Amino acid sequence: MMRLGVGALLVCVALGCSSKSGQVVAVIGDFGGDRPAEAQVAALVRGFQPDLVVTVGDNNYPDGAADTIDRNIGKHYAWAIAPYHGAYGPGATKNRFFPSLGNHDWRTAGAQPYLDYFELPGNERYYDVDRGDVHLFFLDSDPHEPDGVTRDSLQALWLRNALGASKARHNWIFFHHPPYSSGPHGSTTELEWPFRAWGATAVFSGHDHDYERIDAGGMPYVVVGTGGKSLYEPREAIYGSVRRYGDRYGALRLQVSRKEASGQFVTISDGVSDSFPLPDVQHLTAPVTLVGPGASWHVRDGLEPQAGWLLPKFDESEWATAGTPFRIVDRGAASGAKTRTTYYRYEFDVTSPERLETLELGVPRDQPAAVYLNGREILRLERSPVREKNWLVPRGPRPEANAEPILIHRLLDAKTLVSGGNVLALEIQRVPEDGGDPGFAAELVAYPRAGL
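Each number in the numbering used here corresponds to the 1-based position in the sequence shown with 1284 added.
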């Protein structure tokens, strides 16, 4: 492992830290345990000479307690915090430290030590920081968040409105639970919001203690849970995963100039391990909605359809129609109705599919399902206690009035699309006594190839 002082010096030489231009933002996550690796990452970050230090959660292990918070955070980052009232020096003259809440920060009731320790904008749980060319948005992804963590929550409405009002070239989102991840915790269905459609240009998160960069049609989703607590072994990569490391501690260095922006994952052992461009709002093409909210689906409940129902130009005259979102109410569910399969199909046209690179599919997460695009199975969902234990919102109908069903999203290759008519089809099994959400909605968006 690289010696602390020498490592920070070599990284600065490689990155040109001494000749600042534009703004530099350091990103750390899953760090606050007062371990040697945290001290090394903190020295690395200080060597970046950052304008801002931001976190993607789990700032104070193990339980977010008041008696550990200064040792876990202030000991290593007091130089960036203002006002600072801890035991490790005078702190900064102007605050440069902006954290996000993590699940360990919420283990003390109300995350009160965190809220007492920092003075942050807004309600301090979720807030934004405007720095001209770059606008930073901090969310609270923990299920204890009073304003919710789903895409139809009050918190999501705040973000959508704030992104719509932003004048910045770069709109970066920071929070703890990753929307997409190949790590042990995996992707977080509740946080798979339409960030790009709302105006975001990059999303950063933690929770999985590794580094991973996922390309969603040109927009990066980055997991950086490498701030010093521990590291996780990588698992099978999801579609879109470009680079990942589970064996090195480090931080992100994001730099914005008038002409461009870029990110580097810098480690305490190897220096720069990954570099990537950060697109701005003008160069990040908006997604193309192929199947969206309110789409009128053809539905057949309990009766197996005739052959050919997965393909275009099928006779749908005997099928019912309904616009999403909607629910199918089971007769006799209270008395133990048996498993029932419902079939859904939606036909749509695509012109120039060769111009599309990545698809983002969203389908109901609660019930076993098979999903087909033009007759080809693209996703199969089974009941999985391992998968469900990571859900932030329990399975089943949500108690809020008019709450949308929660969708699980997947990034897919757009090569399955054809020019002309295409069919998205699902068969979903419902077991009423299992308590799954009977609501239905689905969506399919496409991301154009870069430069088109």
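Glycine included, every Cβ here is placed at the ideal spot set by N, Cα and C. All figures in this text were calculated on a predicted structure; none of them were measured in a lab.
Three or more Cβ pairs closer than 8 Å define a contact, and the region 1556-1568 meets that threshold against the region 1468-1486.
For L1595, no pairing in a beta bridge is given by DSSP. Closest by C-alpha distance to T1608, out of A1709, A1726, R1714, L1665, is A1726. Boundaries of the beta strand (DSSP E) harbouring W1581: 1580-1585, taken from the DSSP string. For E1631, there is no enclosing alpha helix (DSSP H); the enclosing beta strand (DSSP E) has its first and last residue at 1624-1634. Shown here for D1412: same chain residues with a beta carbon closer than 6 Å to its own, the five before and five after excluded, namely F1421, A1446 in chain order.
Between the C-alpha atoms of P1518 and G1509 there is a straight-line separation of about 12 Å. Partner residues in the beta bridge of A1653, as assigned by DSSP, are L1665, I1712. DSSP lists F1632 as the bridge partner or partners of N1706. Cβ atoms of P1716 and P1689 stay farther apart than 8 Å, at about 15 Å. Counting only runs of 3 or more residues that sit fully inside the region 1322-1365, the beta strand (DSSP E) segments are 1336-1339, in chain order. In this structure H1693 is in contact with G1646, their Cβ atoms being roughly 5 Å apart against a cut-off of 8 Å.
Taking C-beta atoms as the reference points, R1415 and A1452 count as a pair closer than 9 Å. DSSP places G1547 in the strand class (E or B) of the three-state scheme. Under the three-state reduction of DSSP, E1641 is assigned to strand. The three-state reading of DSSP puts V1613 in coil, since its state is none of H, G, I, E or B.
When the five nearest sequence neighbours on each side are left out, the beta carbons in the same chain lying within less than 6 Å of the beta carbon of S1514 are those of H1493, in order along the chain.
Around G1406, the same chain offers D1412 as residues with beta carbons nearer than 8 Å, after the five sequence neighbours per side are excluded. Between the C-alpha atoms of F1632 and A1579 there is a straight-line separation of about 10 Å.
It is roughly 33 Å from the alpha-carbon of Q1651 to the alpha-carbon of Y1529. The DSSP-derived three-state label of G1394 is helix.
Here DSSP, grouped into helix, strand and coil, assigns D1718 to helix. Counting C-beta atoms within 10 angstroms of its own C-beta, N1686 has fewer than 16 neighbours from the protein chains shown and is therefore classed as exposed. Approximately 24 Å separates the beta-carbon atoms of A1393 and F1381; this is outside 8 Å, ruling out the contact.
Taking the C-beta atoms as reference points, W1603 is found nearer than 9 Å to V1583. If you keep only unbroken beta strand (DSSP E) runs of at least 3 residues inside the region 1426-1500, you get 1454-1458, 1486-1489, 1495-1500. The three-state reading of DSSP puts V1670 in helix, counting H, G and I together. In the three-state reduction of the DSSP assignment, A1725 falls in the coil class.
In the structure shown, L1695 adopts extended strand secondary structure according to DSSP, grouped into three states.
Assigned with DSSP and collapsed to three states, P1683 falls in coil, not helix or strand. Excluding residues up to 5 positions away in sequence, R1629, Y1656, N1658, G1659, V1707, A1709 lie with their Cβ nearer than 8 Å to the Cβ of L1594 in the same chain.
In this structure L1443 is buried. Its beta-carbon is surrounded by 16 or more other beta-carbon atoms within 10 angstroms.
Contact annotation: D1389 and D1426 have beta-carbon atoms nearer than 9 Å. Less than 9 Å divides the Cβ of G1348 from the Cβ of Y1398. Each residue's CA atom was taken as its position, placing Q1548 and D1585 some 51 Å apart. Distance from the CA of V1418 to the CA of H1460, rounded to the nearest whole angstrom, comes to 20 Å.
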